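Reviewing the structure listed below.
Protein chains: 2
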Amino acid sequence: MSDDRRTRATDRTNAIMRTTLELAQEVGYAKLSIEGVAARSGVGKHTVYRRWPSKGALFLDAVLTSGEPALDYPDTGDIVADLRQQIHAAVDLLGQPPLGPLYRALVGEAQHDPMVAAALNERFIRPQADRTLARLRSAQQRGQISSDFDLDVAMAILSGPLYFQFLITQEPLTHEYVDRVLEALLGGMTPRS
Amino acid sequence: MSDDRRTRATDRTNAIMRTTLELAQEVGYAKLSIEGVAARSGVGKHTVYRRWPSKGALFLDAVLTSGEPALDYPDTGDIVADLRQQIHAAVDLLGQPPLGPLYRALVGEAQHDPMVAAALNERFIRPQADRTLARLRSAQQRGQISSDFDLDVAMAILSGPLYFQFLITQEPLTHEYVDRVLEALLGGMTPRS
DNA sequence: TGTCAACGGCACGTGCCGTGCCGTTACAGT
DNA sequence: ACTGTAACGGCACGGCACGTGCCGTTGACA
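Protein chains in written order, with my numbering: chain X, 1 to 193; chain B, 1 to 193.
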């Protein structure tokens with residue numbers, strides 16, 4: 001069998017990605033270099049370039065492969081409780097160390113490299129959004145959400161303010177803030193009669 | 001007077017920032033270099049480094065200085081119309097070429113450089129948010145917004161989804177999308193009796 | 001007229017890029 | 001058992017931009 005071959009190649013691939021995360025945490029993404037990753041991994045530069053075309057692609061793969069804990073939605077029937085639990089978990093995972101700074105750098109790189117942006121969307125953002133939408137649709141069918149409410153926008157309102165705080169103002173993401181957004185979204189801004 | 005001195009220095013500063021924007025639009029922020037800016041400006045590298053400590057600082061200054069058209073809020077008394085007009089204007093300015101890609105790169109750099117992030121917040125984000133908050137507060141006092149509604153969150157819900165679309169999914173920002181967010185925010189997600 | 005700060009031009013050492021080449025290793029097919 | 005082959009580690013290369021020196025020039029000011 002050539003399984004040994006494949007296994008050893010996969011091991012090396014994983015080792016390189018692990019080293020990438022280590023180095024990124026130590027020196028920051030800006031000072032991360034393929035040369036440094038190869039050196040610490042005890043690997044030739046070719047071995048890295050054979051697998052990833054750029055620092056951004058390597059970093060994306062490293063971050064997304066490390067943190068695939070399947071943020072799946074619960075469906076207890078209570079849409080508000082489910083959303084809360086899910087978003088709290090996401091914020092805990094991506095909003096603070098160790099993954100927080102790495103994820104921030106990843107989104108930053110996506111602003112400079114369209115390939116990273118596309119891959120980030122396909123591999124993480126879109127699947128996550130789809131799960132949220134599915135959960136919202138289920139709630140709408142049960143009458144917990146107005147039947148004419150724009151669910152795509154609902155998803156954006158749940159994610160957007162968190163990303164705004166995470167990327168722009170760069171203040172810490174708290175459960176309390178998530179709850180405030182949730183409450184505002186539920187009730188609406190205009191006075192109720 | 002030493003006004004001549006100061007004037008010529010200011011002229012050079014502006015010329016360098018203009019060149020920075022030109023080059024950034026031609027080759028993209030990733031390939032922008034201080035060396036290149038100095039060369040095209042017909043200026044020594046010292047003259048650039050004396051003014052800005054890094055490529056990020058120079059770029060931030062160039063972008064924010066170029067686009068200070070004072071996005072000020074109208075107050076016609078109709079909060080919805082005023083918000084719409086204001087956000088449409090912001091989206092037209094920052095959401096598409098020529099300023100759109102530059103602003104995207106600026107936010108991207110802010111993810112790698114805390115100094116850029118801080119300066120972006122102080123010079124652009126916070127003032128803009130403050131103006132939005134002031135306008136919302138005025139509407140709340142007139143009873144157009146529920147008296148207990150969280151205005152900070154309202155601001156985040158107006159900005160967040162747009163930044164999410166702009167930075168993450170990177171789909172074009174349209175007036176129609178702004179209107180959908182606005183409508184969702186006004187009405188609330190839960191069914192009204 | 002002399003002083004002095006800012007300047008353009010040039011050169012330097014450094015770090016990383018991406019790509020060659022070379023000899024080695026370990027599996028594959030015969 | 002023998003040989004072909006593909007991935008490998010190590011090394012070196014040219015290229016580029018970094019940030020910082022130095023040098024001679026310019027032009028306003030005292």
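Quick reminder that beta carbons are idealized off the backbone N, C-alpha and C, glycines included. A quick note: this is a predicted structure, and the numbers were derived from the prediction, not measured.
Assumed close pair X:Phe59, X:Leu94 - CB separation to whole angstroms, cut-off 8 Å: About 15 Å separates the two Cβ atoms, so there is no contact after all.
Exposed unless 16 or more other CB atoms sit within 10 angstroms - verdict on X:His112: Buried, because 16 or more other Cβ atoms sit within 10 Å of the Cβ of X:His112.
Under the three-state DSSP convention, the category B:Leu94 falls into: Helix.
Residue nearest to B:Val48 in terms of C-alpha spacing, selected from B:Pro98, B:Thr174, B:Asp11, B:Ala117: Of the candidates B:Pro98, B:Thr174, B:Asp11, B:Ala117, the one whose C-alpha sits nearest the C-alpha of B:Val48 is B:Asp11.
Residue burial classification, B:Thr7 (beta-carbon count within 10 angstroms, cutoff 16): With fewer than 16 other Cβ atoms within 10 Å, it is exposed.
Stretch pair the segment 75 to 83 of chain X + the segment 120 to 128 of chain X: three plus CB contacts closer than 8 Å: Verdict: no, contact absent.
Nearest to X:Arg40 (by Cα), restricted to the options X:Ser147, X:Thr20, X:Ala57: Cα-wise, what sits closest to X:Arg40 is X:Thr20.
Span of the alpha helix (DSSP H), counted from its first residue to its last, around B:Ile157: Run containing B:Ile157: 151 to 163, per the alpha helix (DSSP H) assignment.
Cα-Cα separation, X:Asp179 to X:Leu83: Each residue's Cα considered, the two are about 10 Å apart.
Limits of the alpha helix (DSSP H) - the one that B:Val48 falls within: Taken as a continuous stretch (DSSP letters only), the alpha helix (DSSP H) holding B:Val48 covers 45 to 49.
Chain X within 8 Å of B:Phe149, Cβ atoms only: Yes, because at least one Cβ of chain X sits closer than 8 Å to the Cβ of B:Phe149.
The segment 181 to 191 of chain B touching the segment 145 to 165 of chain X, judged by at least three CB pairs closer than 8 Å: The answer is yes - the segment 145 to 165 of chain X touches the segment 181 to 191 of chain B, with three or more Cβ pairs under 8 Å.
X:Asp75 and X:Arg135 closer than 8 Å at C-beta: In this structure, X:Arg135 lies closer than 8 Å to X:Asp75 by Cβ.
Of the residues X:Arg18, X:Gln86, X:Arg104, X:Val37, the one placed nearest X:Arg131, counting alpha carbons only: Checked all of X:Arg18, X:Gln86, X:Arg104, X:Val37; the closest Cα to X:Arg131 is X:Gln86.
Interface residues of chain X facing B:Met189 [CB-CB closer than 7 Å]: What B:Met189 touches in chain X: Ile145, Ser146, Phe149, Ala154, Leu185, Leu186.
Min CB distance X:Ile87 to chain B below 8 Å: Chain B, which has no Cβ nearer than 8 Å to the Cβ of X:Ile87, makes this no.
Cβ neighbour criterion (16 or more within 10 Å) applied to B:Val63: Counting Cβ neighbours within 10 Å, B:Val63 comes out buried, since at least 16 surround it.
For X:Gly44 and X:Leu23, believed in contact at Cβ under 8 Å, the rounded distance: Between the beta-carbon of X:Leu23 and that of X:Gly44 there is about 17 Å, and that puts the pair past the 8 Å contact cut.
Continuous alpha helix (DSSP H) stretch holding B:Ile168: start and end: Run containing B:Ile168: none; DSSP gives neither H nor E here.
Any C-beta of chain B under 8 Å from that of X:Met1: Residue placement at X:Met1 cannot be trusted, given a pLDDT of 45 that sits under 50; the coordinates are not used to answer.
Enclosing alpha helix (DSSP H) for B:Gln141 [first to last residue]: First-last of the alpha helix (DSSP H) with B:Gln141: 126 to 141.
Simplified DSSP assignment, three categories, for X:Met189: Secondary structure at X:Met189: coil, using DSSP grouped into helix, strand and coil.
CB contact check: B:Pro161 to chain X, cutoff 8 Å: The beta carbon of B:Pro161 sits closer than 8 Å to some beta carbon of chain X.
Against chain X: residues of the segment 36 to 59 of chain B by CB proximity under 9 Å: Taking 9 Å as the cut-off between beta carbons, none of the residues of the segment 36 to 59 of chain B comes near chain X.
Element boundaries [alpha helix (DSSP H), containing B:Ile34]: Residues 34 to 41.
DSSP three-state assignment for X:Tyr103, whether helix, strand or coil: Residue state, collapsed to three classes: helix.
C-alpha distance - B:Ala110 paired with B:Ser138, whole-angstrom precision: Computed Cα separation, rounded: 32 Å.
C-beta contact flag for B:Pro65 and B:Met17 at 8 Å: According to the sequence as given, residue 65 of chain B is Thr; it is not Pro. Yes, these two residues count as a Cβ contact at 8 Å.
Burial state of B:Phe33, where buried means 16 or more other Cβ atoms lie within 10 Å: Inspection of the sequence shows that residue 33 of chain B is occupied by Ser rather than by Phe. B:Ser33 is exposed by the Cβ-count criterion.
Test: X:His194 CB closer than 8 Å to a CB of chain B: No answer is possible for residue 194 of chain X: it lies beyond the span of chain X, which begins at 1 and ends at 193.
is_contact[B:Thr169, chain X] using C-beta, thresh 8 Å: Yes, because at least one Cβ of chain X sits closer than 8 Å to the Cβ of B:Thr169.
Distance CB(B:Phe164)-CB(X:Ser159) smaller than 8 Å: Result yes, Cβ atoms of B:Phe164 and X:Ser159 sit closer than 8 Å.
Min CB distance X:Leu108 to chain B below 8 Å: Checking the displayed sequence, the identity of residue 108 of chain X turns out to be Gly instead of Leu. Answer yes: the Cβ-Cβ gap between X:Gly108 and chain B drops below 8 Å somewhere.
Anticipated Cβ contact below 8 Å, X:Pro161 with B:Ile157, distance rounded: Yes, X:Pro161 and B:Ile157 are in contact; Cβ-Cβ is about 6 Å, under 8 Å.
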